[in-house]
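**Q** Below is one structure. I have some questions about it.
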Amino acid sequence: MAEEERNKYSDQLNKLYIEMESLGLDKAPARAAAILYGLGFTPEEQKKPTKEFSGGWRMRVALARALFVKPDLLLLDEPTNMLDMRAVYWLEGHLQDWEGTILTVSHDRKFLNEICTDIVHLHTRRLDHYKGNYDNFEKTMTEKLSQQQREFEAQQQLRAHTQEFIDKFRYNAKRAAMVQSRIKMLERLPVLHAVEFESEVHFRFPDCESVGNPVLQLDDVAFRYNPDSPYLFRKLNLGTHENSRICIVGENGAGKTTLLKLLLGEHEPTTGMRNVNRRLRIGYFTQHHVDQLDLDMSTIEVLAHKNPGKTQEEYRAALGRFGLSGDVALQAVYSLSGGQKSRLAFANLALMNPNYLILDEPTNHLDVETVEALGKALNKFTGGVVLVSHDERLIELVCKELWVVKDRMVTNLEGGLDEYRKQVYKQLQLAA
3 MAEEERNKYS DQLNKLYIEM ESLGLDKAPA RAAAILYGLG FTPEEQKKPT
53 KEFSGGWRMR VALARALFVK PDLLLLDEPT NMLDMRAVYW LEGHLQDWEG
103 TILTVSHDRK FLNEICTDIV HLHTRRLDHY KGNYDNFEKT MTEKLSQQQR
153 EFEAQQQLRA HTQEFIDKFR YNAKRAAMVQ SRIKMLERLP VLHAVEFESE
203 VHFRFPDCES VGNPVLQLDD VAFRYNPDSP YLFRKLNLGT HENSRICIVG
253 ENGAGKTTLL KLLLGEHEPT TGMRNVNRRL RIGYFTQHHV DQLDLDMSTI
303 EVLAHKNPGK TQEEYRAALG RFGLSGDVAL QAVYSLSGGQ KSRLAFANLA
353 LMNPNYLILD EPTNHLDVET VEALGKALNK FTGGVVLVSH DERLIELVCK
403 ELWVVKDRMV TNLEGGLDEY RKQVYKQLQL AA
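Each step along the sequence shown adds one to the number in the working numbering, with nothing skipped, and position 49 is 51.
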């Protein structure tokens, strides 16, 4: 090979080395592993084919891939939906150090407060821009809309008084100049419109009778799926009462949904006892119930199919208690938004007249305002509530006990959400 040709290839190779170094390709495997671990994948799980993971875990893989390529513009649509609280905390920290632009849609109030510097509000067919995080946006928006409404009302009053003067003295020659001046003043006034305030969302569960305590207990319960599989839980001793407000947290795969099914009676304990009050009527909500709605039925038909024997007025009233009113009652399920489908599932749940609610990730597909409405409704509900959620706002609104699922045990954590948050942050710092 001629020296000139050899120098040419050497230059090209050097350029490739420089480009690879600038891209940090030598650090790529370690960076990928760190992102996957942050989103909840153990080192062993990182080696598995993606086809072995459920849909929720594949969504995490897709999120990890988007984070790994470091785009200039990162678009995130409800990124916290499939994450447990540990993964949400890690994602918040990762995005706070992000050097590019992030555009996200999210119902998670804390997530928006942690990462957002600006809020774009879609309101009455227009987009309004606000500086600051979600809490700042909410305060500023309320003040802004209230001020706009005051200005509109003041202008309407001025227009009315001015028009009254014009009508009274229109044909008075002595005041003709004043009348013309007032007419021109009205013409110069800017056109202001009444503020279209979004209707406040309200949820309401029906009142229920007292069932007395104890309500639902797991006594010395152990559970595994079959004799050859490892135990998911050992020596569970848990009790709830008729007005419990319990939130269950833990990493995905720790067994939160399995625990709910033990409480529901869908899983029988391998050893130990499930004791339940004979008057207990449990209403169970899960995202699968939303996904399994008959898409071709109308909302009223769904309720009538699942709760036969009631009048059209009763079905409409049930929908109205969850913000589905008017023509929405006649719409086919396929035409509803994700949030409206969740409301339909809640309306169906309420029609069963439960005196105890068990909810598995109820905030998926709900917007921030609807999460607030759900929290207030659960607080007013006269029965007991047990829920699995990663939404801190809902937990803060509702829960008085925090059960942590970890290492085949369930612990009632003293200090609640604040203490759990400290423990997870400490765990993430040690892993960094």
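Yeah, the Cβ is synthetic: ideal placement off N, Cα and C, and Gly gets one too.
Let's see if you can read the secondary structure: which residues bound the alpha helix (DSSP H) around G95?
**A** Taking the first residue of the sequence shown as 1, we reach residue 95 at position 93. Run containing G95: M87 to Q98, per the alpha helix (DSSP H) assignment.
**Q** Output needed for G325: all residues of its chain with C-beta closer than 8 Å, excluding positions within five of it in sequence on either side, in chain order.
**A** In the sequence shown, counting from the first residue as 1, residue 325 sits at position 323. So the list reads V203, H204, F205, R345, T372 and A375, once near-sequence residues are dropped.
**Q** Could you check where the alpha helix (DSSP H) with M411 kicks off and where it finishes?
**A** Working through the sequence shown from its first residue, we reach residue 411 at position 409. Bounds of any alpha helix (DSSP H) do not take in M411; it lies within the beta strand (DSSP E) bounded by M411 to N414.
**Q** For P192, which option in F55, F154, L76 and T164 has the closest C-alpha, if you only look at C-alpha atoms?
**A** Residue numbering aside, residue 192 sits at position 190 when the sequence shown is read from its first letter. P192 has its Cα closest to that of F154, out of F55, F154, L76 and T164.
**Q** Along the chain, where does the alpha helix (DSSP H) containing T142 start, and where does it finish?
**A** One-based indexing of the sequence shown puts residue 142 at position 140. Here the alpha helix (DSSP H) through T142 covers Y136 to F171.
**Q** Using DSSP's beta-bridge definition, name the partner residues of Y224.
**A** Along the sequence shown, read from residue 1 onward, the residue named residue 224 stands at position 222. At residue 224 the sequence reads Ala, which differs from the Tyr that was named. According to DSSP, A224 bridges with T273.
**Q** Return helix, strand or coil for E371, following the three-state DSSP convention.
**A** As a first step, residue 371 must be located in the sequence shown, where it is residue number 369. Helix.
**Q** Under the three-state reduction of DSSP, which class applies to G417: helix, strand or coil?
**A** Working through the sequence shown from its first residue, we reach residue 417 at position 415. Here G417 sits in coil by DSSP.
**Q** Give me the Cα-Cα distance between D409 and K49, rounded to the nearest whole angstrom.
**A** Residue 409 sits at position 407 when you count from the first residue of the sequence shown. Residue 49 sits at position 47 when you count from the first residue of the sequence shown. Approximately 22 Å between the Cα atoms of the pair.
**Q** In whole angstroms, give me the CA-to-CA distance for K382 and R323.
**A** Mapped onto the sequence shown, residue 382 falls at position 380. Mapped onto the sequence shown, residue 323 falls at position 321. Rounded to the nearest whole angstrom, the C-alpha separation of K382 and R323 is 13 Å.
**Q** Ignoring anything shorter than 3 residues, give me the beta strand (DSSP E) runs that lie fully in the segment 275-332, in order along the chain.
**A** 284-288
**Q** Just the C-alpha distance for H131 and T142, rounded to the nearest angstrom, thanks.
**A** Translated into the one-based positions of the sequence shown, residue 131 becomes position 129. Translated into the one-based positions of the sequence shown, residue 142 becomes position 140. Rounded to the nearest angstrom, the two C-alpha atoms are 11 Å apart.
**Q** Leaving aside the five residues before and after Y233 along the sequence, list all residues of the same chain whose C-beta is less than 8 Å from its C-beta, in chain order.
**A** Translated into positions along the sequence shown, residue 233 becomes position 231. The residues are A224, F225, R226, T272 and R410.
**Q** Check for me: the alpha helix (DSSP H) holding G340 runs from which residue to which?
**A** The count along the sequence shown starts at 1 and reaches residue 340 at position 338. Looking at the DSSP string, the run of the alpha helix (DSSP H) that includes G340 is G340 to L353.
**Q** What are the boundary residues of the beta strand (DSSP E) that includes E116?
**A** The count along the sequence shown starts at 1 and reaches residue 116 at position 114. Premise fails: E116 lies in the alpha helix (DSSP H), R111 to I117, not in any beta strand (DSSP E).
**Q** Please work out which residues of its chain come closer than 6 Å, Cβ to Cβ, to K258, disregarding the five sequence neighbours upstream and downstream, and give them in chain order.
**A** Residue numbering aside, residue 258 sits at position 256 when the sequence shown is read from its first letter. A distance below 6 Å between beta-carbons, with the five flanking residues on each side excluded, links K258 to the following residues of its chain, in chain order: I250, G252, V390 and V407.
**Q** On the DSSP bridge assignment, give the partners of R128 in chain order.
**A** For the purposes of this step, residue 128 is taken as the residue at position 126 of the sequence shown. Paired residue(s): H125.
**Q** Excluding the 5 residues preceding and the 5 following H123 in the sequence, name in chain order all residues of the same chain whose CB lies nearer than 6 Å to its CB.
**A** Looking up residue 123 in the sequence shown gives position 121. D130.
**Q** Looking only at DSSP bridge pairs, what is W405 linked to?
**A** Start at 1 with the first residue of the sequence shown, and residue 405 comes out as number 403. Beta-bridge pairing links W405 to I250 and N414.
**Q** Could you name the residues of the same chain whose beta carbon sits closer than 7 Å to that of A320, not counting the 5 residues immediately before and after it, in chain order?
**A** Taking the sequence shown and counting its residues from 1, one reaches residue 320 at position 318. Counting only Cβ-Cβ distances below 7 Å, and skipping sequence neighbours, we find L305, A349, A352 and L353.
**Q** DSSP has K133 in a bridge; who is on the other side?
**A** Counted from its first residue, the sequence shown places residue 133 at position 131. Its beta-bridge partners are D120.
**Q** How big is the Cα-Cα spacing for Y39 and S231?
**A** The residue labelled residue 39 in the question sits at position 37 within the sequence shown. The residue labelled residue 231 in the question sits at position 229 within the sequence shown. Y39 and S231: Cα-Cα distance of roughly 25 Å.
**Q** Taking the straight line between their C-alpha atoms, what separation do you get for I121 and G134?
**A** Numbered from 1 along the sequence shown, position 119 holds the residue referred to as residue 121. Numbered from 1 along the sequence shown, position 132 holds the residue referred to as residue 134. Cα to Cα, I121 sits roughly 7 Å from G134.
**Q** Check each candidate in G42, R62, R67 and S56 and name the one with the smallest Cα separation from P31.
**A** As a position in the sequence shown, residue 31 is number 29, starting the count at 1. Per the Cα distances, R67.
**Q** Decide if M187 is buried, meaning its Cβ has at least 16 other Cβ atoms within 10 Å, or exposed.
**A** As a first step, residue 187 must be located in the sequence shown, where it is residue number 185. Looking at its Cβ environment, which holds fewer than 16 other Cβ atoms inside 10 Å, M187 is exposed.
**Q** Alpha carbon to alpha carbon, how far is F167 from L160? Give it in angstroms, no decimals.
**A** For this step, residue 160 is matched to residue 158 along the sequence shown. For this step, residue 167 is matched to residue 165 along the sequence shown. Going from the Cα of L160 to the Cα of F167 covers about 11 Å.
**Q** Grouping DSSP H, G and I as helix and E and B as strand, with all else coil, what is A34?
**A** The residue given as residue 34 occupies position 32 in the sequence shown. It is helical.
**Q** Output the distance between the C-alpha atoms of D86 and E200, rounded to the nearest integer angstrom.
**A** What you label residue 86 is simply residue 84 of the sequence shown in a count that begins at 1. What you label residue 200 is simply residue 198 of the sequence shown in a count that begins at 1. Distance between the alpha carbons of D86 and E200: 31 Å.
**Q** Which of the three DSSP states, helix, strand or coil, is assigned to Y438?
**A** The chain is shown from 3 up to 434; residue 438 falls before or after that span and cannot be answered.
**Q** With 16 other CB atoms within 10 Å as the buried threshold, where does V213 fall?
**A** For this step, residue 213 is matched to residue 211 along the sequence shown. Buried, by the Cβ-count rule.
**Q** Taking the alpha carbon of L264 as the reference point, which residue from H290, Q289, F235 and N279 has its own alpha carbon closest?
**A** For this step, residue 264 is matched to residue 262 along the sequence shown. Closest option to L264, Cα to Cα, is F235.
**Q** Going by C-alpha to C-alpha distance, which of K53, R33 and S56 sits closest to P45?
**A** Within the sequence shown, numbered from 1, the residue matching residue 45 stands at position 43. When only C-alpha atoms are compared, the closest one is R33.
**Q** Straight-line CA distance for L419 to F55?
**A** As a working note, residue 419 is residue 417 in the sequence shown. As a working note, residue 55 is residue 53 in the sequence shown. Those two C-alpha atoms are separated by around 29 Å.
**Q** Can you tell me which residues form a DSSP beta bridge with I104?
**A** Position 102 of the sequence shown, counted from the first residue, corresponds to residue 104. Paired residues: L76.
**Q** With DSSP run on the structure shown, which of helix, strand or coil describes N239?
**A** The residue labelled residue 239 in the question sits at position 237 within the sequence shown. Assigned with DSSP and collapsed to three states, N239 falls in strand.
**Q** Classify W405 as buried or exposed, calling it buried when 16 or more other Cβ atoms lie within 10 Å of its own Cβ.
**A** In the sequence shown, residue 405 corresponds to position 403, counting from 1. It is buried - the Cβ of W405 has at least 16 other Cβ atoms within 10 Å.
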